[in-house]
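One structure is given here, and the rest of the page talks about it.
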Amino acid sequence: MSYKKSNKRSCTRVYMKSRNALYTRSKAKDFAWRGRKINPIQKVQPSGRATRTKIYIVLLFSCSLGMLGLFIYQPFFHISEVQVEGIERLTQQEIEQTVYGAMDYRKWFIFPAKSFVFVNTLEIANILNDRFPLNTVTVQKQFPNTLYIQLEERLSTVLYDNGEVYHFMGLTGKIVEPVRKVTDAEWRSKTAVVTSTNELGEEISETKEIGKYHTPDITALEHDIGVYPMIVDIGNDHSGTLEVNTEVMQESYVTQILDWYNILQNTLNIIPAYIDVSSPYRSIIHVKDGPAIYITLPEGDSNAQIERLRTALNEIPSLDQISYIDVRYPGKIYWQ
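To convert, take the position in the sequence shown, counting from 1, and add 222; that gives the numbering used here.
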């Protein structure tokens, strides 16, 4: 009996190999391992594209930061021009010095305050209000390097004339400083022909000076000093060059005079030249191209006199035909 060699392998051996292989693969994994689940919505990017995106973001942030730094530190975007509207007695130089001084520092010790980005218009307006006598002030920025300032000045001084020297006077009635002397041309003589008889019985006529009167040269003063309300006060105790802080007038008188100036110019379209208060009960407002206006200051309130003036102006057909309007007396108005 012969036997043939078979190529079949033992089933038991195959089974053992399969079991050992399964055991070997499971040895490297934890018992609780579930495997990574795939999100069906997630879009998988190639690793190279993700890197480029990050680079683009970094470059964009760097460029934005560089542009902002250029905008802050570049002198072209720093305030270098100041335009001012509404100046009367102040000067452009005074305003500019104050504005540039207000911006001469660094915010948070890093950023220049004069940069267009960091200029605080409200802060500059407050500084101007504190520094100068102003009714209103508006500050606006104009790109890239300009400040536009619109202001309205408030009267803080008037011109006081005692017949010998012009002075600046404060609103409290005290002298601030002397300005210049009154010239001889601002005094005029009033003469008259006087007739007399000499020892021989002959009649002699001669011209004599019977008085002198003072007329300020308004045109020259406005050219040299500027436009200020002017008060003429002659014949009182305050003569010559006066010391600073000398009180020459009641504060209430100064307030009334400024009220008259404001009403005449802004409401009645009458331009006052100066007011003569040598006699407070008979103060005279001399106007440009119009009749004089007689008022009284000791009354204390100008409103009633102002209303009488309004009434007179409505009734007078032409101001060219009269020389004065007298509104001093309650219930009565005189003009001639």
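Cβ atoms here follow ideal geometry from the backbone N, Cα and C, with glycine treated the same way.
Contact check for residue 375 against residue 328 fails: the beta carbons are separated by 7 Å or more. The DSSP assignment places complete alpha helix (DSSP H) segments of no fewer than 4 residues inside the stretch 277-346 at 314-324, in order along the chain. Bounds of any beta strand (DSSP E) do not take in residue 475; it lies within the alpha helix (DSSP H) bounded by 473-488.
Inclusion of residue 324 and residue 346 in the CB contact set at 7 Å is warranted, their separation being smaller than that value.
Secondary structure note for residue 371: its beta strand (DSSP E) is the uninterrupted segment 368-375. Beta-bridge partners assigned by DSSP to residue 358: 374. By the neighbour-count criterion, in which a residue is buried when 16 or more other Cβ atoms sit within 10 angstroms of its Cβ, residue 277 is exposed. Annotation: residue 316 to residue 335 spans about 20 Å, alpha carbon to alpha carbon.
In the three-state reduction of the DSSP assignment, residue 498 falls in the strand class, which pools E and B. Shown here for residue 393: same chain residues with a beta carbon closer than 8 Å to its own, the five before and five after excluded, namely 377, 378, 379, 380, 473, 476, 477 and 480 in chain order. Unbroken alpha helix (DSSP H) runs of no fewer than 4 residues, entirely contained in the stretch 429-474, are found at 440-446, following chain order.
Taking all protein chains in view, the Cβ of residue 530 is crowded by 16 or more other Cβ atoms within 10 Å, so the residue is classified as buried. Straight across, the Cα-Cα distance linking residue 539 with residue 533 is about 12 Å. DSSP lists 417 as the bridge partner or partners of residue 427. Boundaries of the beta strand (DSSP E) harbouring residue 514: 514-517, taken from the DSSP string. Pairing residue 455 with residue 301, the inter-Cα distance amounts to about 47 Å.
Annotation: the continuous alpha helix (DSSP H) that includes residue 532 extends over 525-537. Counting only residues of its own chain and dropping the five nearest sequence neighbours on each side, residue 362 has a CB closer than 6 Å to the CB of 370. For residue 506, the secondary structure class from DSSP, reduced to helix, strand or coil, is strand. Residue 364 has 368 as its beta-bridge partners, per DSSP. If you look at residue 381, you'll find it in the beta strand (DSSP E) that goes 379-383. In this structure, residue 461 and residue 537 do not form a Cβ contact; the two beta carbons are roughly 41 Å apart against a cut-off of 8 Å. Excluding five sequence positions before and after residue 433, the CB atoms of its chain that fall closer than 7 Å to its own CB belong to 412, given in chain order.
When rounded, the separation of the alpha-carbon atoms in residue 542 and residue 440 is 21 Å. Rounded to the nearest whole angstrom, the CA to CA distance from residue 464 to residue 339 is 50 Å. The beta carbon of residue 279 is closer than 7 Å to none in its chain, skipping five residues each way along the sequence. Assigned with DSSP and collapsed to three states, residue 547 falls in strand.
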